[in-house]
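Colleague:
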Amino acid sequence: MLHQLNQWSITHHPRWLVILRVALGVSLFVKGISFIANSVELQTLLQQSNLPSSEWVSDSIAWIHLLGGAFIIIGFFTRLSIAVQIPILLVAVLFVNARQGMLGSSEFLFSLLILVLLILFFVEGGGPLSMDDYFKKTRDQ
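The sequence shown begins at 386 in the working numbering and counts up by one.
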């Protein structure tokens, strides 16, 4: 199934999607920096949402966003990086931001947009300008 998904992605990947992938990675990277800088706020947000709010959970979320965003920017282990991000964004959309007000919250809309883009790039993959593609071409030669 992954092979079929990869073949479809190769034949249907416009170049502008590379720019969108990089923008997605930058957004996650910046959000990771924000979470590291404001870890107390993240813990408070998790507590208010009745989610596990220990320090290691908030630190894990911050570092996953930071490293995953960097990997998505360069297209390195793109699908794996995205697969790790999707559950975090699902929780953010369904539990954290939904409690603050669905459509009135810019944070909710931002999280929903990021989740949709993560799903898109989980299907599409890194594309033609990515480390994944470079390593695949190198391996094939």
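Backbone N, C-alpha and C define an ideal beta-carbon position, used for all residues, glycine too.
HIS388 to PHE506, Cα distance in whole Å?
Modeller: Looking at the two C-alpha atoms, the distance is approximately 15 Å.
Colleague: Can you say whether SER439 is buried or exposed, counting buried as having 16 or more other CB atoms within 10 angstroms of its CB?
Modeller: Exposed, since its Cβ has fewer than 16 Cβ neighbours within 10 Å.
Colleague: ILE457 to LEU474, Cα distance in whole Å?
Modeller: Going from the Cα of ILE457 to the Cα of LEU474 covers about 15 Å.
Colleague: What residues in its chain sit with their C-beta under 8 Å from that of SER515, if we drop five residues either side in the sequence?
Modeller: Same-chain partners within the cutoff: VAL403, ARG406, ILE459, GLY460, PHE461, THR463.
Colleague: Check GLY453 in the structure and name its three-state DSSP category.
Modeller: In this structure, GLY453 counts as helix in the three-state DSSP scheme.
Colleague: Quick test of your reading: PHE420 and LEU431, contact by CB under 8 Å. State the CB separation rounded to the nearest angstrom.
Modeller: Actually they do not touch by this definition, with Cβ atoms about 11 Å apart.
Colleague: What's the call for ILE504, buried or exposed, on a 16-neighbour Cβ count within 10 Å?
Modeller: Exposed, since its Cβ has fewer than 16 Cβ neighbours within 10 Å.
Colleague: Identify which residue in MET386, ILE471, ASN435, THR429 has its Cα closest to the Cα of GLY413.
Modeller: Before going further, note that residue 413 is Leu rather than Gly in the sequence given. When only C-alpha atoms are compared, the closest one is ILE471.
Colleague: Compare the beta carbon distance of GLY417 and HIS450 with 8 Å and say whether it is the shorter of the two.
Modeller: For GLY417 and HIS450, yes; Cβs fall inside 8 Å.
Colleague: Does DSSP classify GLN526 as helix, strand or coil?
Modeller: GLN526: coil per DSSP, three-state reduction.
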